[in-house]
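Below: one structure, written as structure tokens.
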Amino acid sequence: MRIIKAGLTLLICLSLCACSAGGQGSGKNNPVTESQSGNDVKTEVASGENMAASFDQMHWEKGLELSHATTFFVEKCGEYNLITIADADRFLVIPEGGVIPDGVPKDVAILRKPLRHVYLASSSVFDLIREAEALDSIRLSGTKKDDLCISEAVSAMNEGRLLYAGKYNKPDYELMVAEGCDLAIENTMIYHNPEAKEKLESLGIPVLVETSSYEAHPFGRMEWIKLYGLLFDREDEAAAFFDEAVKEITPVLQQEKTDYKVAFFYVNSNGVVNVRKPGDYVAKMIELSGGEYVLADAKVEEENALSTMNMQMEDFYLAAKDADVIVYNSTIVGELNSVGDLLELSPLFADFKAVKENRVYCTEKNFFQQTTAIADFVEDLGKALRDPEQTEFHQMKKLTK
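According to this note's numbering, the sequence shown is numbered sequentially starting from 327.
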């Protein structure tokens, strides 16, 4: 037994050392946070005769092939992967049974496979992980059952396979530790509560902040499925899903552009209109469908990381009244059932061109949680632009008077 164990250790070390022909190849060494868990684990397993090659001797080559995503990339060294997010946060993914190399920088968090007790705060990521066939790896949720639109996640909660563990800014630390949480996947909202991120890391829980919302191209957001495929050993499933989704939408992308302008918005409880900023991925989806975002040339008065901005109703009226198509965003304030519901929000909508021509649509409530449905929405909008009589859609519905 001792001989077999020694042989396995030697085999793992040889695999890691095979990567060390060159120098450190990441080229992205901007420290953002210190991963307490990574260094703690390393000191436990990498010592004496079990010492593997040092991190700075590992030679990194291009890992995942990405066609649209730009806010993360992956480098590969044998069975080891180095993930860089937003040119800053770095994660060294250790294969199951692998040895952690010596000298891992403090800004590199250690992720040890298999990852089977993950906390997921970002509701939109549930859809990607579901399509990668890795939902069983998510044990803890930052979204309550009533706020989840992914049926498989709701079922998992009903059956006790998925537990609610508090919001991103107030996670249930005791539950996470008790469940052996091995990774917390957060969205960028966590940066507004850095103390929560720091607390998780101090408990030995690595925190990966997904930045898919910063992707300029809609397919870039969807391509994050490949990262989750890598983390949860579902790379083939993730790549197959992404490739098929792009393939299905290709005929729409190849059609001639229309000259129709599209308004995409919702009205909040104060009567203020919330719209997407020019250059946002929703504006890009409108472009891919063959239309033009009506606010493509709008001036952004306040530069910040938000993808939306507010406009007073009168200003929105002047900017969007000639839009050929209206798509009402129902994900925040609920769905509209008729054009009459829209007119109740403001009588000014009666003068909109799209209202007069009966070209008003509403997204499904789960639109933003279904990240993988981006291709469906582009197809839907392409149909609406080219066929005003079309009523069969995947991600939106046509409103009647």
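Using N, Cα and C, we set each Cβ at its ideal position, and we do this for glycine too.
Every candidate alpha helix (DSSP H) stretch fails here, since none sits fully inside the segment 420-451 while reaching 4 residues. Between A510 and L466, the alpha-carbon positions lie close to 9 Å from each other. With respect to the C-alpha of H543, the residue from A589, A609, E524, Y517 having the closest C-alpha is A609.
A Cβ-Cβ distance of about 6 Å is found for the pair L418 and V430, placing them in contact under the 8 Å criterion. I531 and M639 have their alpha carbons spaced roughly 45 Å apart. Every beta strand (DSSP E) of 3 residues or more that sits fully in the segment 616-643 is shown, in chain order, as 634-637. The Cβ-Cβ distance between F694 and S450 falls below 8 Å. Within the segment 651-712, complete beta strand (DSSP E) segments of at least 3 residues are found at 651-654, 686-689, given in chain order. Exposed is the label assigned to T576, since fewer than 16 other Cβ atoms lie within 10 Å of its Cβ. For N663, the number of other beta carbons within 10 angstroms of its own is below 16, and it is reported as exposed.
Under DSSP, F399 forms a beta bridge with T410. For L671, same chain residues with a beta-carbon under 8 Å away, outside a window of 5 residues either side, are V593, G597 in chain order. The segment 695-704 makes contact with the segment 546-558; the number of CB pairs closer than 8 Å reaches 3 or more. About 20 Å separates the CB atoms of I658 and F678; that is not less than 8 Å, and the two are not in contact. Under the criterion of beta carbons closer than 8 Å, Y554 and I455 qualify as touching, at roughly 5 Å.
Assigned with DSSP and collapsed to three states, N484 falls in helix. One alpha carbon belongs to G708, the other to K723, and they sit about 13 Å apart. The Cβ atoms of T584 and L474 lie no closer than 8 Å to each other. In its chain, beyond the 5 residues on either side, V400, F417 have a beta carbon closer than 6 Å to the beta carbon of I409.
When DSSP reads this structure, M722 sits in a beta bridge with T689.
Nearest to S528 by alpha-carbon distance, out of M502, M515, Y540, is M502.
Rounded to the nearest angstrom, the gap between the Cα atoms of K587 and L644 is 14 Å.
Its chain contains K439, P440 as the residues whose beta carbon lies nearer than 6 Å to that of E422, once the 5 sequence neighbours on both sides are disregarded; these appear in chain order. Rounded to whole angstroms, V620 and V601 show a C-alpha spacing of 10 Å.
Contact check for D453 and T697: beta-carbon distance about 5 Å, within the 8 Å limit, so the pair qualifies. For the pair N684 and D413, the Cα-to-Cα distance works out to about 46 Å. Secondary structure at E570: helix, using DSSP grouped into helix, strand and coil.
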